[in-house]
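Novice:
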DNA sequence: ACATGATACTCCCTTTGGAAGTAAGATGTT
DNA sequence: AACATCTTACTTCCAAAGGGAGTATCATGT
């Protein structure tokens, strides 16, 4: 009656258990607040996942009583810690993105200029809302009051990616809106700018060729 | 015997049909080459989707014969075009990202410094490989030879986002590697830099506050 | 006392991923 | 010409996952 082999989601939950024991409700909350930004999972599945970990011997469950209510707390096992370490030995897959607003921009010619502008505005709003959610969390860490401060070496890396991703969405949507503003009302009559294409090609070319340059930090500091 | 209501994937396929009729195999190829970068879908589902469109009256199927082999070609209907236009009237959801390598960085303390560096190197490789795939496509468009050049007003917008996303992954992974290089062998003994946290906060703060600035284009040109 | 929100889950049905498979045509190699 | 390999053109199957709807109990607000 053993369930299928552990998935990446299994390891995500196991990784949280490596920090401390969590109740299943707390796990869903914690995923929603942090990991869900880079590995989003439905709540129902988050309740199932720890049970699978227990089946595999990677975690233990204990039940607590609060009046008529029970709460299940999960704790990582030594086998779980070893499994996590083994999982970390393989680099994992690159990012997968699903961007519905961009999909709509891709098919703009089937709608109106106003549709496209509204979509780009919504993308901007999305990015800002994400940053607005992140800010107080970051500020709490800066004040020395964030959760699990011993994890800040990792958190500084992951939060930088997440924030920059939001900024990418925001800046792209703003830039794209300046272009779509110049479109005629019928998107089918829009024209493109060869310099935009050329700039995009130049950026991709630099990435492919920049194998030898360790300029990452310089670039980031100077932004 | 009507299937469930159209999904975003349905509209993605319908959008491709709005450009021209496609056989189901061609649809899978085209998704793999272009739309799959921002709306990835499994091949098996891509074969199913056009059948659903036909069920809903949004497309028509016709069968062609090639020796003993048949091929099914799908064509959008007028109802399909209207449905697509209606779908475009609603802005859609912001991006969802699943980044397994970043998840592993998040749990670095359970592995070794070398694990983390390998993961960051793999992320760089991923980004470069994606740019290397995109380059010849972009260059073909620059030479005036790309597919569906009448769609270049849209393509210039979407390809910019996609390329900049790859660059984000590449530059972040390089920058993160410079930091992880300074870590001790045991990641649990690593320290963080408060300036990094502060910079991330500053970036998020600017995004939330920059409601009034239309600096998108300037920023992009100056990069 | 009652309403509302939070805690703490479960169930259900649809969508989706991806591996494995089948079949026939086209091209390459000997 | 025979065979191998790749491409075209799909289908099937089972596991993973999404998300809505639901139940029950505690805690807080009015």
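Chains as they are written, first to last, in the working numbering: chain A, 3 to 225; chain B, 3 to 225.
Beta carbons are placed, not taken as given, at the ideal position from N, Cα and C, and that holds for glycine.
1) Taking the C-alpha atoms as reference points, what is the distance between residue 57 (chain B) and residue 121 (chain A)?
2) Considering residue 118 (chain B), what are the terminal residues of the alpha helix (DSSP H) in which it resides?
3) Based on Cα-Cα distance, which residue from B:109, B:101, B:156, B:207 lies nearest to residue 87 (chain A)?
4) Give the secondary structure of residue 40 (chain B) by DSSP, where H, G and I count as helix, E and B as strand, and everything else as coil.
5) Please confirm whether residue 101 (chain A) and residue 40 (chain B) have their CB atoms less than 8 angstroms apart.
6) Mapping DSSP to helix, strand and coil, what is residue 147 (chain B)?
7) Could you tell me whether the stretch 128 to 145 of chain A touches the stretch 180 to 191 of chain B, where touching means 3 or more Cβ pairs closer than 8 angstroms?
8) Using a Cβ-Cβ cut-off of 8 angstroms, state whether residue 51 (chain B) counts as contacting chain A.
9) How big is the Cα-Cα spacing for residue 123 (chain B) and residue 211 (chain B)?
10) Please list the residues of the stretch 102 to 118 of chain B that have a C-beta atom closer than 7 angstroms to any C-beta atom in chain A, keeping them in chain order.
11) Going by alpha carbons, who is nearest to residue 103 (chain B) out of A:199, A:106, A:130, A:92?
12) For residue 7 (chain B) and residue 95 (chain B), I'd like the C-alpha separation in whole angstroms.
13) Can a CB atom of chain B be found closer than 8 angstroms to the CB of residue 93 (chain A)?
14) Do residue 126 (chain B) and residue 170 (chain B) come within 8 angstroms of each other at the CB atom, strictly closer than that value?
15) Determine the direct distance from the alpha carbon of residue 37 (chain B) to that of residue 105 (chain A), and round the result to whole angstroms.
16) Using beta carbons (cut-off 8 angstroms, strictly below), is residue 209 (chain A) in contact with chain B?
17) Would you verify that the beta carbon of residue 80 (chain B) is, or is not, closer than 8 angstroms to some beta carbon of chain A?
18) With distance defined between alpha-carbon atoms, name the residue in A:74, A:33, A:42, A:44 nearest to residue 26 (chain A).
19) Measure the C-alpha to C-alpha separation of residue 19 (chain A) and residue 84 (chain A) and round it to an integer number of angstroms.
20) Compare the Cα-Cα distances from residue 51 (chain B) to each of B:15, B:67, B:65, B:33 and report the closest residue.
21) Is any beta-carbon of chain B found at less than 8 angstroms from that of residue 12 (chain A)?
22) Could one say the Cβ of residue 140 (chain A) lies closer than 8 angstroms to chain B's Cβ atoms, at least one of them?
23) Looking at C-alpha atoms only, which residue of B:76, B:132, B:42 is the closest neighbour of residue 28 (chain B)?
24) Less than 8 angstroms between the beta carbons of residue 12 (chain B) and residue 53 (chain B), yes or no?
25) Under a CB-based cut-off of 8 angstroms, is residue 98 (chain B) close to chain A?
26) Can a CB atom of chain B be found closer than 8 angstroms to the CB of residue 205 (chain A)?
27) Within the stretch 147 to 218 of chain B, note down every full alpha helix (DSSP H) run reaching 4 residues or more, in order along the chain.
28) Roughly how many whole angstroms lie between the Cα atoms of residue 119 (chain B) and residue 197 (chain B)?
29) Any idea which residues DSSP pairs residue 70 (chain A) with across the strands?
30) Kindly indicate which three-state DSSP category residue 9 (chain B) falls into: helix, strand or coil?
31) Note down, in chain order, all residues in the stretch 160 to 186 of chain A with a beta-carbon under 9 angstroms from any beta-carbon belonging to chain B.
32) Residue 100 (chain B) lies in the beta strand (DSSP E); which residues open and close that run?
33) Give me the chain A residues within the contact set of residue 136 (chain B), using Cβ-Cβ distance strictly less than 7 angstroms, ordered along the chain.
34) Report buried or exposed for residue 195 (chain B), applying the criterion of at least 16 other Cβ atoms within 10 angstroms of its Cβ.
35) What three-state label does DSSP hand residue 30 (chain A) in the structure shown?
36) Buried or exposed for residue 107 (chain A), please, with buried defined as at least 16 other CB atoms from any protein chain shown within 10 angstroms of its CB.
Specialist: Reading it off the structure:
1) 29 angstroms
2) 115 to 144
3) B:109
4) coil
5) yes
6) coil
7) no
8) no
9) 34 angstroms
10) 102, 103, 104, 105, 106, 107, 108, 109, 110, 111, 112, 113, 117
11) A:92
12) 18 angstroms
13) yes
14) no
15) 8 angstroms
16) yes
17) no
18) A:74
19) 13 angstroms
20) B:15
21) no
22) yes
23) B:76
24) no
25) yes
26) yes
27) 154 to 183, 196 to 211
28) 22 angstroms
29) According to DSSP, which records beta bridges pairwise, residue 70 (chain A) is partnered with nothing at all.
30) coil
31) 160, 161, 162, 163, 164, 165, 166, 167, 168, 169, 170, 171, 172, 173, 174, 175, 176, 177, 178, 179, 180, 181, 182, 185
32) 98 to 100
33) 206
34) exposed
35) helix
36) buried
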